[in-house]
Amino acid sequence: MIKGHTDIDIWNTGFFINADYFSDDFIIYNNTGKDLTRKTLAHPFFHNNSYKTTYTSFILCLSGTSEIEIDSINYSTKENTLLMMVPNQIIKYNKISEDYKAHLIMISNKYFDTRDNFYKMMSLLIPLKNHPCVNLNIAETDLLKTYHVLLYKKISEENNLFRDFTIQYLIQATFYEVCQLLLKHLEIKKKKLPHKEDIFKQFLKLVETHHYKERDISFYAEKLCLTPKYLSSIIRDVSGELAGNWIDNYVIIEAKALLISSNLTIQEICYKLNFSTPSSFTRFFKRITGMSPRKFRTLKVFPNLIE
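Residues in the sequence shown are numbered from 1479 upward in steps of one, following the working numbering.
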C-alpha cells in the first residue's frame, strides 16, 4: 500500500543517474559497464521510497533481473524483458540484481505538448498502461538494440550540427517501435478492451471531437449513457486523473497550437474555444500554464523579446 510518493522531473533524473544524454525532453541511459544501479537504489530517494512518474520511459533488460512495483502491482524483469512506464504512475524499485544491465529511454510530457503528438500518445499509451511488461524474442531485442546503437553513435558526434535533431527523431522512432512490440505481444488490437478501459477510450474520442465546445463532464456522460459520477469514477480508476483534467488538457493543447501556429487574435481564439470572454480564457490558460496567453505566444513565437 503506497502511503506517499515523491514527484521527480526528467532533468533531475538525468542529472541524478548520470545519464549518457539528457535534455529537458529526453534521457538516454545505458548502465552496461557502470556500477551505478546499486548505488542509485541505495540512495535515500529510491530506497524504500515510491515516486510519481512525470514522463514516459521504456527499459530493455539485457541481463540480470529486477523487481519493480507499478501502481501497487509487482513486475519482474529478466533478459529480453521490455518494460514501459507512463506518466502519473507510482513506481517503486524493490530489487535489482548485481548483474543487471539495461537500456533506458525517457521522454518528457512536454515533448508530447503539441496537438498531433498528444493525440498520438493517448491512443498508444492508454491501452498499455495496465499491460507494461512483455518478454521479447531475440530478433525483437536485437531490433531495439539497433536503435540504441544508432542513438549512441549520434550522441558521440559532438561536432554534428544536427545531432540533437537526429537524436530526437531516433528516440521518437524507438518509442513507436516499442509501442508496436508491446501491442503485438499483448494483441490488444485483436482483443476487446476491459469494460472500463473501453469506456475511457470512448471518452477520449468524444473529448477529441467536442472539446472545442463542451467542457462539462455531464455532456460526455450523456453521450455514453452513464451518470457523471460513474463516468468520473471510471476515468479516475483507469487513468489516475480526473475527467476534468483530461478535458482541460485537450483544450489547452488546442489553445497552445492556435497561439503558436495561427494568426488569430487572442480574442478570436477565446471565442473559437467557446469561452464567454477573453478574461475567462486568460484565467483558464493561466491556471493551467502559469502564464497568460499573450506571454505564452510571445515566448514561443518571439523568444528574443523575452528578457
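Even for Gly, the Cβ is constructed at its ideal location relative to N, Cα and C. Just so it is clear, the structure is predicted and the values come from calculations on it, not from any experiment.
- In this structure, residue 1729 places its C-beta atom within 9 Å of the C-beta atom of residue 1693.
- With fewer than 16 other Cβ atoms from the protein chains shown falling within 10 Å of its own Cβ, residue 1635 counts as exposed.
- Taken in chain order, the unbroken stretches of beta strand (DSSP E) that lie wholly in the region 1546–1620 and span 3 residues or more are 1551–1555, 1559–1563, 1568–1574, 1579–1586, 1611–1613.
- Rounded to the nearest angstrom, the Cβ distance from residue 1614 to residue 1560 is 5 Å, consistent with a contact under 8 Å.
- Residue 1531 and residue 1563 do touch by the CB rule: their CB atoms are close to 5 Å apart, below 8 Å.
- Excluding the 5 residues flanking it on each side, residue 1584 has same chain C-beta neighbours closer than 6 Å at 1488, 1505, 1533, 1535, in chain order.
- Per DSSP, residue 1508 lies in no alpha helix (DSSP H) segment; the continuous beta strand (DSSP E) that holds it begins and ends at 1504–1508.
- About 7 Å separates the beta carbon of residue 1709 from that of residue 1681, a gap short enough to meet the 8 Å contact definition.
- DSSP links residue 1544 through a beta bridge to 1555, 1574.
- Per DSSP, reduced to three states, the secondary structure at residue 1533 is strand.
- Here residue 1539 carries a strand assignment [DSSP, helix/strand/coil].
- Annotation: residue 1617 to residue 1623 spans about 10 Å, alpha carbon to alpha carbon.
- Residue 1499 sits in a strand when the DSSP states are folded into three classes.
- Non-local C-beta neighbours of residue 1745 in its own chain, meaning closer than 8 Å and more than five positions away in sequence, comprise 1756, ordered along the chain.
- By a beta-carbon distance limit of 8 Å, residue 1503 does not contact residue 1579. Their separation comes to about 25 Å.
- Beta-carbon to beta-carbon, residue 1548 and residue 1610 are separated by about 6 Å, close enough to satisfy the 8 Å threshold.
- By the Cβ test, the region 1759–1770 is in contact with the region 1730–1741, since at least three Cβ pairs between them sit closer than 8 Å.
- The beta carbons of residue 1675 and residue 1621 sit no closer together than 9 Å.
- Short of 6 Å from the beta carbon of residue 1554, and not among the five residues preceding or following it, lie these beta carbons of its own chain, in chain order: 1545.
- The DSSP assignment places no complete run of the beta strand (DSSP E) inside the region 1657–1724 (cut-off: 3 residues).
- In this structure residue 1690 is exposed. Its beta-carbon is surrounded by fewer than 16 other beta-carbon atoms within 10 angstroms.
- Its chain contains 1508, 1538, 1626 as the residues whose beta carbon lies nearer than 6 Å to that of residue 1581, once the 5 sequence neighbours on both sides are disregarded; these appear in chain order.
- For residue 1640, no alpha helix (DSSP H) run applies, since DSSP gives it neither H nor E.
- CA-to-CA, the gap between residue 1558 and residue 1612 works out to about 9 Å.
- Counting along the chain, residue 1743 sits inside no alpha helix (DSSP H), nor does DSSP assign it H or E at all.
- When C-alpha distances from residue 1570 are compared across 1577, 1556, 1551, the shortest belongs to 1551.
- Excluding five sequence positions before and after residue 1747, the CB atoms of its chain that fall closer than 8 Å to its own CB belong to 1733, 1736, 1737, 1740, 1759, 1771, given in chain order.
- Taking the C-beta atoms as reference points, residue 1645 is found nearer than 9 Å to residue 1499.
- Rounded to the nearest whole angstrom, the CA to CA distance from residue 1672 to residue 1607 is 13 Å.
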